[in-house]
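Data first, discussion second: the structure below is written as structure tokens.
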Amino acid sequence: MDQAWLHNLDPIILRISGELAIRWYGVSYLAGFVIGWLLLRRLAKRNHTPLSVRDVDDLIMSVVVGVIVGGRLGYALFYDPSLLYTFSKDVPFWELFRVSNGGMASHGGMIGVLIAGWLFHRRFRREHAASMMSVWHVTDLLALAAPAGLGLGRIANFINGELLGKIVAMPGEPAPWWAVRYPQEILTKHDPGILMPLDARMAREEAIHRLAGAAIEERGFARAYERVLDQLHRHAGNVEEQLRPLLSARHPSQIYQALAEGLVLGLSLWLVFRLSKRPGIVSACFLMVYGVLRIVTEFWRLPDAQLAVQRVLGLSRGQWLSAVMVAIGLGLFAYSKIKLRPAETAPATSG
438 MDQAWLHNLD PIILRISGEL AIRWYGVSYL AGFVIGWLLL RRLAKRNHTP LSVRDVDDLI
498 MSVVVGVIVG GRLGYALFYD PSLLYTFSKD VPFWELFRVS NGGMASHGGM IGVLIAGWLF
558 HRRFRREHAA SMMSVWHVTD LLALAAPAGL GLGRIANFIN GELLGKIVAM PGEPAPWWAV
618 RYPQEILTKH DPGILMPLDA RMAREEAIHR LAGAAIEERG FARAYERVLD QLHRHAGNVE
678 EQLRPLLSAR HPSQIYQALA EGLVLGLSLW LVFRLSKRPG IVSACFLMVY GVLRIVTEFW
738 RLPDAQLAVQ RVLGLSRGQW LSAVMVAIGL GLFAYSKIKL RPAETAPATS G
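Counting from 438, one number per residue, gives the positions in the sequence shown under this note's numbering.
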């Protein structure tokens, strides 16, 4: 008996006009920023940082820009360079600005946050010449705030049906209760060999056309798929029963990564923060723990489809970037232990 759940979540909360809509993807980013902002304000009010509440407000605004710019540029540079040179006549004209369909890299976002934190620290030191606050204290604060946004971002990936996990059961085969059947796999760009034989894919496309009530024509499959997906989101008719046998069951890798990058990482960092006042330690642990968790959880996730070389020595692009993070984290941990003094992060009352 098949117990897998058929993914029927609509990524759009409210459609305003055309592609303009309120999406879960954007709401998750907003919620992540708000949670991080509230956490840092709480630390400021309790004098766990030299930053005032107003300083925290300024820091978060810098971080918002860093996450969005860094995340999008990182996705383009690390995963899809074509976004940098693809233009169209439709708004927003440059594909780099077309974020409605996702396309943010967590590694790029982290680089953006690091730059934003460094620039904020420079400005803070100019305005508070007497302050001895280390730049690593700023990155520690940002590391503490990051897991909420990372976890919510993965939940948004799940709602969007993107970053698919590896197959547990082929179409028509029974699957366990924790597996998910994603309609989004139908339009995946992955090598067909990863998914199913060509004849099975062709049969599935014909079935989609029948479900949509659309005749098979050139470029007609995408329109038929969109119509079926719309029926699924509206729970119209018995489309779920007819669609289920056409889809493979997969690991919900987005949920795995949401738990790892949100819950496990967050609890680990707050424990480190309570045990150590040495600047840079929380940042180092963030790099190491996130890197290890990302490497492990990516073994249940398909590599990005648009990459010409999807794995090197058995590891995906994201895993190699995470391995670099672990190495940098180890170096920062040693540097903090040897060079930085705990007194640099001693709580200080600020105005």
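By construction, the Cβ of each residue, glycine as well, lies at the ideal position given by its N, Cα and C atoms.
If you draw a straight line from the Cα of Ala764 to the Cα of Leu648, it comes to about 51 Å. Contact between the segment 496 to 515 and the segment 534 to 551 is present: three or more C-beta pairs spanning the two stretches fall below 8 Å. Take Gly549, set aside five residues on each side of it, and the residues of its chain with a beta-carbon closer than 7 Å to its own are Gly503, Val504, Val506, Gly507 and Gly508, in chain order. Membership of Ser454 in the beta strand (DSSP E) is indicated by the continuous run Ile449 to Ser454. Here Tyr462 is actually not in contact with Arg754; their C-beta atoms are around 21 Å apart, not less than 8 Å. Taking a 10 Å sphere around the C-beta of Thr576, we find 16 or more other C-beta atoms and assign the residue as buried.
Distance from the CA atom of His688 to the CA atom of Arg618, rounded to whole angstroms, is 9 Å. Note that the segment 577 to 591 touches the segment 473 to 489; at least 3 beta-carbon pairs, one per stretch, sit closer than 8 Å.
Under the DSSP assignment, Ala458 falls in the beta strand (DSSP E) whose first and last residues are Leu457 to Arg460.
Taking the CA atoms as reference points, Tyr662 sits about 18 Å from Ile596. The straight-line gap separating the alpha-carbon atoms of Leu683 and Gln668 is approximately 16 Å. Apart from the 5 residues on each side of it in sequence, Ser499 sits with its Cβ closer than 7 Å to the Cβ of Ala553, Leu556 and Phe557 in its chain, given in chain order. In the structure shown, the three-state DSSP call for Gly602 is strand. For Arg460, the closest alpha carbon among the candidates Val471, Gly473, Leu446 and Gly650 is that of Leu446. Listed as beta-bridge partners of Trp442 by DSSP are Val617.
By the criterion of a C-beta distance shorter than 7 Å, Ser465 is surrounded in its chain by Leu589, Gly590, Ile592 and Ala593, once the five residues flanking it on both sides are discounted. Residue range Ser543 to Glu564 is occupied by the alpha helix (DSSP H) that includes Arg562.
In the structure shown, Leu684 falls within a coil segment according to DSSP collapsed to helix, strand and coil.
A direct Cα-Cα distance of roughly 25 Å separates Ala585 from Phe561. Cβ neighbours of Ile604 within its own chain (closer than 6 Å, five residues either side excluded): Ser685 and Arg687. Beta-bridge analysis with DSSP links Ser753 to Arg748.
Judged by DSSP in its simplified three-state form, Phe524 adopts strand.
A distance below 9 Å separates the beta carbons of Glu698 and Leu730. Relative to the Cα of Ser713, the nearest Cα in the group Gly602, Ala583, Ser773 and Pro611 belongs to Ser773.
Put simply, the backbone Cα of Leu551 is about 46 Å away from that of Glu610.
With a contact defined as Cβ atoms closer than 8 Å, Gly546 and Arg738 miss out at about 18 Å. Looking only at Thr734, Leu724, Leu752 and Val749, the smallest Cα-Cα distance to Gly768 is reached by Leu724. Across the set Leu587, Gln621, Ala771 and Asp439, the C-alpha of Leu587 shows the shortest separation from the C-alpha of Gly728.
With respect to the 9 Å criterion, Arg715 and Arg778 are classified as neighbours on the basis of their beta carbons. DSSP, reduced to helix, strand and coil, places Arg535 outside both helices and strands of the structure shown, so it counts as coil. The alpha-carbon of His444 is positioned some 15 Å away from that of Asn675. Rounded to whole angstroms, His565 and His485 show a C-alpha spacing of 17 Å.
By the C-beta density criterion, Gly469 is buried, having at least 16 other C-beta atoms within 10 angstroms. Going by DSSP, His574 is part of the alpha helix (DSSP H) stretching over Val572 to Asn597. Within the same chain, Cβ atoms closer than 7 Å to the Cβ of Leu533 are found at Arg509, Ala513, Leu520 and Leu521, the five residues on either side in sequence being excluded. Put simply, the backbone Cα of Arg681 is about 37 Å away from that of Phe530.
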